[in-house]
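Student:
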Amino acid sequence: MRRHTPSAALTYSDEPAVAFFTSWSNSFTEIFSRAVMRLYELWSAEDRAVARLQKQVARDLAAARTHSAQHGAAASGDGEEAALVPSFKAGGAKGGIGGGTSFGGGGSGCALNIVFADRKGRRKIANILDLVARCSRWQPPPPHGRLTINCTAHDFGVGLIKSLPTLWRADVLVVSHGADIINGFGMHAGASVLELMPPQQFQYGCPCDMYRRMYSYEGPTVLHYQLVTSNGSRAVSTDARKKGTYNSDLFLPWGALDTALRHVLTVGGRRASYKFKRFQY
Numbered sequence: 083m084r085r086h087t088p089s090a091a092l093t094y095s096d097e098p099a100v101a102f103f104t105s106w107s108n109s110f111t112e113i114f115s116r117a118v119m120r121l122y123e124l125w126s127a128e129d130r131a132v133a134r135l136q137k138q139v140a141r142d143l144a145a146a147r148t149h150s151a152q153h154g155a156a157a158s159g160d161g162e163e164a165a166l167v168p169s170f171k172a173g174g175a176k177g178g179i180g181g182g183t184s185f186g187g188g189g190s191g192c193a194l195n196i197v198f199a200d201r202k203g204r205r206k207i208a209n210i211l212d213l214v215a216r217c218s219r220w221q222p223p224p225p226h227g228r229l230t231i232n233c234t235a236h237d238f239g240v241g242l243i244k245s246l247p248t249l250w251r252a253d254v255l256v257v258s259h260g261a262d263i264i265n266g267f268g269m270h271a272g273a274s275v276l277e278l279m280p281p282q283q284f285q286y287g288c289p290c291d292m293y294r295r296m297y298s299y300e301g302p303t304v305l306h307y308q309l310v311t312s313n314g315s316r317a318v319s320t321d322a323r324k325k326g327t328y329n330s331d332l333f334l335p336w337g338a339l340d341t342a343l344r345h346v347l348t349v350g351g352r353r354a355s356y357k358f359k360r361f362q363y
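So the mapping is simple: our numbering equals the position in the sequence shown, first residue as 1, plus 82.
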């Protein structure tokens with residue numbers, strides 16, 4: 083966050099107002115994000131939550147066994163279960179995605195769940211439907227070629243409780259800069275967040291590294307990256323008041339996302355292999 087030092091001026095300046103609003107909103111956001119995490123922990127400990135998650139695990143395991151049988155892959159017992167449900171397995175945080183060392187154990191036929199945050203207000207991903215479609219057809223490079231790719235869009239505006247099933251299954255969250263990024267704290271250890279930054283990211287007192295620091299403070303447990311651009315044409319809002327501004331909707335080329343996803347696969351959710359990175363779009 084750019085820090086402001088308000089001072090007396092002969093003419094009107096919005097610097098003091100920006101400083102106050104930015105500082106207040108940052109503090110509130112950090113407090114709120116920690117509250118969300120605590121609520122998630124409390125919810126996960128309830129009997130009804132455990133029962134709900136166990137039912138989902140059973141369905142996921144059944145689907146995985148069916149997939150393995152159809153593709154001639156041997157089942158791996160407890161290891162298979164750990165690969166599917168890292169979010170509440172004791173050893174999930176020790177390795178990468180699925181508590182192992184790489185996605186799908188080097189291409190063993192497991193799933194990679196990619197979720198796009200479907201914002202309804204400012205700073206939306208303008209071409210989200212096209213990205214979800216391209217993502218669903220995506221063929222990961224070796225040695226991950228046998229990964230099943232599941233790509234969906236989710237509106238986090240429906241609330242935390244309704245969003246939790248999506249969050250705990252998500253391996254990658256693609257989200258534009260804003261409050262929706264807080265939802266990444268509900269993802270399992272080794273998951274990745276790809277934050278899409280506005281072209282005007284370093285103007286107007288944008289707290290652009292706030293979420294990067296917040297994820298870093300948490301371990302990092304969830305691995306955070308940014309997609310950045312200086313190309314103003316990526317700001318494509320049809321609203322004249324927003325077009326070309328910090329609050330404009332954003333166009334994300336598939337090629338840029340493809341590069342970021344390939345990097346996520348290479349890191350494999352392993353904290354030891356993670357280093358914060360900015361991808362150009």
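We treat Cβ as the ideally placed atom computed from N, Cα and C, and that holds for glycine. Remember, it's a predicted structure, so these values are computed and weren't measured experimentally.
#1: May I ask which residues mark the beginning and end of the beta strand (DSSP E) holding residue 307?
#2: Rounded to the nearest angstrom, what separates residue 343 and residue 260 at their Cα positions?
#3: Can you tell me the Cα-Cα spacing of residue 355 and residue 223, whole angstroms?
#4: Which residues in the same chain as residue 125 place their Cβ atom closer than 8 Å to its Cβ, once the five residues preceding and following it in sequence are excluded?
#5: Check residue 375 in the structure and name its three-state DSSP category.
#6: Starting from the Cα of residue 332, find the closest Cα among 349, 309, 351 and 345 and give me that residue.
#7: Can you tell me whether DSSP reads residue 333 as helix, strand or coil?
#8: Specify, as a first and last residue, the run of the alpha helix (DSSP H) that residue 210 falls within.
#9: In terms of residues, what are the limits of the alpha helix (DSSP H) holding residue 243?
#10: Who pairs with residue 221 in a beta bridge, going by DSSP?
#11: At what residues does the beta strand (DSSP E) containing residue 258 begin and finish?
#12: Which residues in the same chain have their Cβ closer than 7 Å to the Cβ of residue 313, if we skip the five residues on either side of it in sequence?
#13: Measuring alpha carbon to alpha carbon, tell me which residue in 349, 142 and 340 is nearest residue 361.
#14: Leaving out five residues before and five after residue 232 in sequence, what residues of the same chain have Cβ atoms less than 6 Å from its Cβ?
#15: Extract the residue ranges of the beta strand (DSSP E) inside the segment 336-363, only unbroken runs of 3 or more that lie entirely within it.
#16: Ordered along the chain, which non-local residues of its own chain (more than five positions away) have a Cβ less than 6 Å from that of residue 237?
#17: Would you kindly work out how many angstroms separate the C-alpha atoms of residue 263 and residue 215, rounded to a whole number?
#18: List the whole-angstrom C-beta distance separating residue 249 from residue 265, where the pair is believed to meet the contact cut-off of C-beta under 8 Å.
Tutor: Taking the geometry as given:
#1: Per DSSP, residue 307 is one residue of the beta strand (DSSP E) stretching across 305-310.
#2: For residue 343 and residue 260, the distance between alpha carbons rounds to 21 Å.
#3: One C-alpha to the other measures close to 19 Å.
#4: 131, 243 and 246.
#5: In the structure as shown, the chain begins at 83 and stops at 363. Residue 375 is therefore absent and cannot be evaluated.
#6: For the residues 349, 309, 351 and 345, the minimum Cα distance to residue 332 belongs to 309.
#7: In the structure shown, residue 333 sits in coil (DSSP, three-state: anything other than H, G, I, E or B).
#8: Membership of residue 210 in the alpha helix (DSSP H) is indicated by the continuous run 210-218.
#9: In the DSSP assignment, residue 243 falls within the unbroken alpha helix (DSSP H) covering 242-251.
#10: In the DSSP secondary-structure assignment, residue 221 is not bridged to any residue.
#11: Where residue 258 is concerned, the enclosing beta strand (DSSP E) stretches over 254-258.
#12: Residues 281 of the same chain have their beta carbon placed closer than 7 Å to that of residue 313, with the five preceding and five following residues left out of the count.
#13: The candidate whose alpha carbon is nearest that of residue 361 is 340.
#14: Same-chain partners within the cutoff: 193 and 195.
#15: You should have 360-362.
#16: If the five residues before and after residue 237 are omitted, its C-beta is found closer than 6 Å to the C-beta atoms of 200, all from its own chain and listed in chain order.
#17: The alpha-carbon atoms of residue 263 and residue 215 are separated by roughly 22 Å.
#18: The pair is a contact, with the Cβ atoms about 6 Å apart (cut-off 8 Å).
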